[in-house]
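A.B. asks: First, the structure itself, so that you have it in front of you.
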């Protein structure tokens, strides 16, 4: 078993456990879009950033394996700033029409942005527009205007 500390709470996890999974076991909420428990860690969305002692930069918790004695902070000012900037980046070309969107009120991007994101954006350029929707198969459609390229 690997012993680590997340937000001041100690936890023991099996070798190979990611920091994200360990944080979930502690009931901690880390935003994430590209993670799925049936797929290998990818780290593409970068929203799950955490601060780890003795590591010089923020780390993606979904790809970072827990190590013995690791000290992780998911709520530091640096981690919160990183998450806000990533969420702001994801919204640059996303239509901000939540009140009329079919997913309004049950959208993970909307939920994570309200909880962890910036209150306003520094970007006011025209959003990109794409042909809608693009069929990828008999049961899958891609709406490129809403895609945040999470994986």
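In my numbering, the protein residues as written are 110 to 260. Ideal placement from N, C-alpha and C gives every residue a C-beta, glycine not left out.
1) State whether the segment 134-143 contacts the segment 154-171, with contact taken as three or more CB pairs (one from each stretch) at a distance under 8 Å.
2) Within 10 angstroms of its Cβ, does residue 119 collect 16 or more other Cβ (buried), or is it exposed?
3) Go through the segment 148-189 residue by residue and report every complete run of the beta strand (DSSP E) that reaches 3 residues or more, in order.
4) Among residues of its own chain, excluding the 5 on either side of residue 197, which ones have a beta-carbon nearer than 8 Å to its beta-carbon?
5) Please return the same chain residues whose Cβ sits closer than 8 Å to the Cβ of residue 127, not counting the five positions on each side in sequence.
6) Could you check what DSSP says for residue 248 in three-state terms: helix, strand or coil?
7) Residue 258 by DSSP, collapsed to three states: which one?
8) Is residue 208 closer than 8 Å to residue 236 when the C-beta atoms are compared?
9) Indicate the three-state DSSP secondary structure (helix, strand or coil) for residue 137 in the structure shown.
10) What's the gap between the Cα of residue 125 and the Cα of residue 112?
11) Given a cut-off of 8 Å, decide if residue 182 and residue 159 are closer than it, judged by their beta-carbon atoms.
12) Here's a check: name, in chain order, each residue in its chain whose Cβ is nearer than 7 Å to the Cβ of residue 238, leaving out the five neighbours to either side.
C.D. replies: Short version:
1) Yes, the segment 134-143 touches the segment 154-171.
2) exposed
3) 158-161, 180-182
4) 226, 227, 230, 231, 232
5) Excluding positions up to five away in sequence, the list reads 150, 170, 171, 172, 173, 174, 175.
6) Note: residue 248 maps to coil in three-state DSSP.
7) coil
8) no
9) coil
10) About 12 Å.
11) A contact, by the Cβ cut-off of 8 Å.
12) 254
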